[in-house]
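Residue numbers (this note's numbering), protein chains in the order written: chain W, 39 to 233; chain G, 39 to 233; chain U, 39 to 233.
Here a beta-carbon is modelled for each residue, glycine too, at the ideal position from N, C-alpha and C.
Being a predicted model, the structure only gives us computed values, none of them experimental.
Below: the structure, in structure tokens.
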Amino acid sequence: MGAACRPSVKTLCFELALAADGVDPDSPCIATTPAEGSLHDKPPGQSHPEDKQSNDMKSFRKELWFEVPSRFGFVNITDQVEACLRESRIAEGLVLVNAMHITASVFINDDESGLHKDYLSWLERLAPHDPTSAYLHNRTGEDNADAHMKRQVMGREVVVAVTKSKLDFGPWEQIFYGEFDGRRKKRVLVKILGE
Amino acid sequence: MGAACRPSVKTLCFELALAADGVDPDSPCIATTPAEGSLHDKPPGQSHPEDKQSNDMKSFRKELWFEVPSRFGFVNITDQVEACLRESRIAEGLVLVNAMHITASVFINDDESGLHKDYLSWLERLAPHDPTSAYLHNRTGEDNADAHMKRQVMGREVVVAVTKSKLDFGPWEQIFYGEFDGRRKKRVLVKILGE
Amino acid sequence: MGAACRPSVKTLCFELALAADGVDPDSPCIATTPAEGSLHDKPPGQSHPEDKQSNDMKSFRKELWFEVPSRFGFVNITDQVEACLRESRIAEGLVLVNAMHITASVFINDDESGLHKDYLSWLERLAPHDPTSAYLHNRTGEDNADAHMKRQVMGREVVVAVTKSKLDFGPWEQIFYGEFDGRRKKRVLVKILGE
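Written as structure tokens, this is what we have:
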């Protein structure tokens with residue numbers, strides 16, 4: 039599912055990989071493996087989307103997997119969340135999208151590569167990675183204390199309205215996975231509640 | 039609906055308008071035009087609020103419109119969200135209130151004009167508007183990169199509990215629209231899910 | 039319910055108490071008094087957790103009370119939110135956990151005492167308590183303007199998925215109450231919506 043890797047994200051990952059981590063720039067920017075998607079609430083066949091009179095509550099859950107090859111990177115996951123919504127057959131409700139790891143974010147903003155680089159420079163000013171010895175947390179053997187700060191600024195989760203089976207978005211809203219301690223597999227949870 | 043413009047907000051908008059934008063200080067602080075409010079889930083007449091045994095899920099959606107005359111400004115929207123809640127007839131559930139634009143926030147804090155000025159000074163220190171050339175995003179022709187940062191600090195959305203048909207708030211909680219790139223019409227989405 | 043006070047939190051509170059407030063370090067770190075927990079939606083006996091075919095919506099509400107003895111402190115409230123979830127008998131849905139006060143946060147991150155000290159140092163750099171005269175808000179007689187800033191960085195609320203009657207968490211996710219103006223009783227709201 040490398041198609042999830044949009045040009046602006048790819049460019050950003052490459053630059054960061056070259057600058058900070060020496061990762062092969064030809065490696066795929068993002069590997070995404072969906073897991074454990076299922077409708078929890080009904081035996082198959084009981085739900086008919088054309089039955090508009092039904093007010094039964096439904097819920098849906100899916101994990102999205104990411105492996106960002108550099109320490110920092112943003113991935114546009116809007117299409118994947120929309121695919122979850124279609125699969126859920128939920129027409130009215132709320133979608134929760136949250137990072138399942140505490141050094142990563144899910145946030146909504148613009149898909150513009152210059153802005154994403156600005157975000158990373160800005161977050162580095164607010165919570166610098168170096169010197170790693172400046173953080174007590176890094177005495178535990180970690181070097182990612184800054185990532186725990188950056189994730190708080192950008193947020194753990196977003197909640198998005200579902201209206202008429204669509205993400206109810208303004209004109210420029212896009213959902214991003216924000217990675218602040220990458221180079222390993224990490225997950226995002228999509229949970230949809232509605233009818 | 040200029041009644042949404044409370045004194046502390048008005049004062050704040052005026053000062054900012056005078057200082058930064060030269061906008062007429064006698065212009066209304068906020069113009070609000072509700073749009074597209076409707077119950078999506080039921081034909082009229084099926085829902086009876088007095089029927090406490092019903093556990094059907096309901097959803098409600100409305101957009102609130104704002105035009106803050108200065109670049110920066112905060113608007114108390116608590117009354118408007120409460121009006122949505124009354125209109126929805128939902129007694130138990132969750133309200134999502136989110137900015138539909140990526141240079142604006144919805145947040146919950148105190149309605150105190152000194153604090154609001156403190157917020158703006160503080161956000162300006164964390165993510166200065168000037169020099170606009172310091173941001174790559176502004177090379178796209180925009181001058182609002184700082185607004186994308188400020189909005190992340192203050193947040194895109196709030197989720198508020200609905201209990202016994204009321205916003206379930208602590209003593210000082212008030213909902214604000216936070217504008218960081220105003221002087222144009224922008225929207226807030228109110229989505230309520232419950233029963 | 040002093041059992042809610044985990045070692046790392048206790049250590050942190052002590053140091054802060056000694057450094058900033060002169061509070062007796064043998065005093066309990068946290069006093070928690072649950073209040074007003076109840077199922078709002080159904081007469082007792084109508085809900086049968088073994089009835090998996092039921093898609094009725096349920097809601098649950100409970101307040102958690104805290105009194106952090108120092109100005110700043112973090113309290114791990116994961117166990118208390120899990121207890122609410124068990125009491126609610128909701129198997130699939132969403133939990134909202136929010137501070138009901140505007141100088142406190144609820145956030146999800148790691149239960150590591152070094153990280154918590156790092157957070158407090160970092161927040162102090164971003165929004166210093168002193169000099170208190172630097173904030174207009176403090177002219178109202180308050181001295182907690184910095185707490186209103188710190189709470190925005192760390193967030194007011196978290197929304198957590200409920201799946202198969204559990205908080206649907208990644209491996210290190212823990213829920214914290216973040217106090218930035220303590221030494222008085224304050225509340226957190228837990229609201230659960232689902233089936």
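Measuring alpha carbon to alpha carbon, tell me which residue in the options is nearest residue i.
i	options	result
residue 154(W)	178(W), 214(W), 229(W), 203(W)	214(W)
residue 171(G)	163(G), 162(G), 182(G)	182(G)
residue 216(W)	198(W), 140(W), 165(W), 206(W)	140(W)
residue 144(G)	160(G), 210(G), 195(G)	195(G)
residue 204(G)	174(G), 159(G), 122(G)	122(G)
residue 222(W)	178(W), 187(W), 190(W), 104(W)	104(W)
residue 166(U)	158(U), 184(U), 151(U), 179(U)	184(U)
residue 186(W)	156(U), 175(U), 233(U), 162(U)	156(U)
residue 147(G)	189(U), 95(U), 212(U)	189(U)
residue 191(W)	231(W), 125(W), 168(W), 218(W)	218(W)
residue 101(G)	102(W), 207(W), 98(W)	207(W)
residue 159(G)	210(U), 159(U), 174(U)	174(U)
residue 129(U)	212(U), 220(U), 209(U), 200(U)	200(U)
residue 177(W)	110(U), 233(U), 150(U), 108(U)	150(U)
residue 211(G)	117(G), 109(G), 163(G)	117(G)
residue 202(W)	209(W), 220(W), 142(W), 232(W)	232(W)
residue 111(U)	152(U), 95(U), 126(U)	152(U)
residue 99(W)	179(W), 169(W), 124(W)	124(W)
residue 9(U)	161(U), 142(U), 209(U), 163(U)	Residue numbering for chain U in the displayed model covers 39 to 233; residue 9(U) lies beyond these limits and cannot be assessed.
Interface residues of chain U around residue i at Cβ under 9 Å?
i	result
residue 145(G)	190, 194
Can you list the residues of chain G that residue i reaches, using a CB-CB cut of under 8 Å?
i	result
residue 210(W)	139, 140
residue 231(U)	130, 131, 132, 231, 232
residue 186(U)	147, 148, 153, 156, 157
residue 164(U)	164
On the DSSP letters alone, give me the boundaries of the alpha helix (DSSP H) that residue i sits inside.
i	result
residue 143(G)	Segment 142–147 is the beta strand (DSSP E) holding residue 143(G); no alpha helix (DSSP H) there.
residue 152(W)	151–164
residue 123(U)	116–126
residue 183(G)	183–192
Report the neighbours of residue i on chain U: residues whose CB is nearer than 7 Å to its CB, in chain order.
i	result
residue 113(W)	Within chain U, no residue comes near residue 113(W); the closest Cβ sits about 17 Å away, beyond 7 Å.
residue 227(W)	199, 206
residue 160(G)	165, 187
Just reading off the beta strand (DSSP E) that residue i is part of, what are its end residues?
i	result
residue 99(U)	96–104
residue 225(G)	224–232
residue 199(U)	195–201
residue 136(G)	131–137
residue 214(W)	212–217
What whole-angstrom Cβ distance do residue i and residue j have, given they're in contact under 8 Å?
i	j	result
residue 113(U)	residue 106(U)	7 Å
residue 197(W)	residue 198(G)	In fact, because the Cβ distance is near 11 Å, the residues do not count as touching under 8 Å.
residue 131(U)	residue 97(W)	7 Å
residue 193(G)	residue 179(W)	That belief does not hold up - the Cβ atoms of residue 193(G) and residue 179(W) are roughly 32 Å apart, past 8 Å.
residue 164(W)	residue 164(G)	7 Å
Could you list which residues in chain W have their beta carbon closer than 7 Å to that of residue i, in chain order?
i	result
residue 173(G)	156
Report the neighbours of residue i on chain U: residues whose CB is nearer than 8 Å to its CB, in chain order.
i	result
residue 109(W)	Correct list: empty, because the minimum Cβ distance to chain U is about 18 Å.
residue 178(W)	150, 152
Hey, does residue i have any beta-carbon neighbour from chain C nearer than 8 Å?
i	result
residue 201(G)	Structure shown: chain C not included; protein chains present are W, G and U.
Report the neighbours of residue i on chain W: residues whose CB is nearer than 9 Å to its CB, in chain order.
i	result
residue 99(G)	130, 199, 201, 206
Give the residues of chain G in contact with residue i, contact being defined as C-beta atoms less than 7 Å apart.
i	result
residue 183(U)	153, 156
- Touching or not, the segment 215–232 of chain U and the segment 122–138 of chain U, by the rule of three or more beta carbon pairs under 8 Å? yes
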